[in-house]
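Quick notes on the structure that follows.
Numbering (my numbering), first residue to last: 12 to 182.
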């Protein structure tokens with residue numbers, strides 16, 4: 012949270028104060044205890060893999076990113092990876108530390124987040140645009156993954172930067 016506050020202040024500063032805030036943020040990160048740090052990664056983050064497996068995982072990621080708006084069958088994605096469906100499940104989980112269905116959910120929710128920020132679609136419209144087949148499951152998984160309802164997420168993002176900083180830094 013301290014880093015978030017520093018970065019919010021950094022966005023609004025210029026010149027030497029901006030550089031000092033950056034240095035302070037880097038110092039906080041460098042001196043933090045391992046237990047205090049949480050790894051951050053955007054949806055679709057790629058772990059480092061041995062070169063032989065890298066291409067297979069890239070094929071899975073690329074195919075998923077191109078087709079996540081529709082249902083992807085296990086047999087279909089396993090064929091992309093050129094392995095059996097049972098082997099695919101083990102392979103994917105061992106390389107990404109999540110199931111393929113969880114990965115697809117995160118991809119869809121990530122797309123929905125982007126649409127909430129960039130477009131003027133209704134929440135029901137963006138639910139279907141993000142690859143969900145019904146609004147109930149969209150709402151459930153959106154809240155599970157982001158910790159907020161779609162409307163809360165959109166309202167929080169649309170609030171002014173100063174308001175967001177005050178909310179975050181008070182907590």
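By construction, the Cβ of each residue, glycine as well, lies at the ideal position given by its N, Cα and C atoms.
According to the DSSP assignment, residue 143 belongs to no alpha helix (DSSP H), since it is labelled neither H nor E.
For residue 41, the enclosing alpha helix (DSSP H) covers residues 26-42. Secondary structure at residue 69: helix, using DSSP grouped into helix, strand and coil. Considering only 117, 89, 123, the residue with the shortest C-alpha distance to residue 156 is 117. The three-state secondary structure of residue 153, taken from DSSP, is helix.
Around the beta carbon of residue 119, 16 or more other beta carbons sit within 10 angstroms, so the residue counts as buried. By the C-beta density criterion, residue 28 is exposed, having fewer than 16 other C-beta atoms within 10 angstroms. By the Cβ neighbour-count rule, residue 162 is exposed, with fewer than 16 other Cβ atoms within 10 Å of its own.
The residue among 108, 89, 107 with its C-alpha nearest the C-alpha of residue 99 is 89. In this structure, residue 104 sits away from residue 142, with a CB-CB distance that is not shorter than 8 Å.
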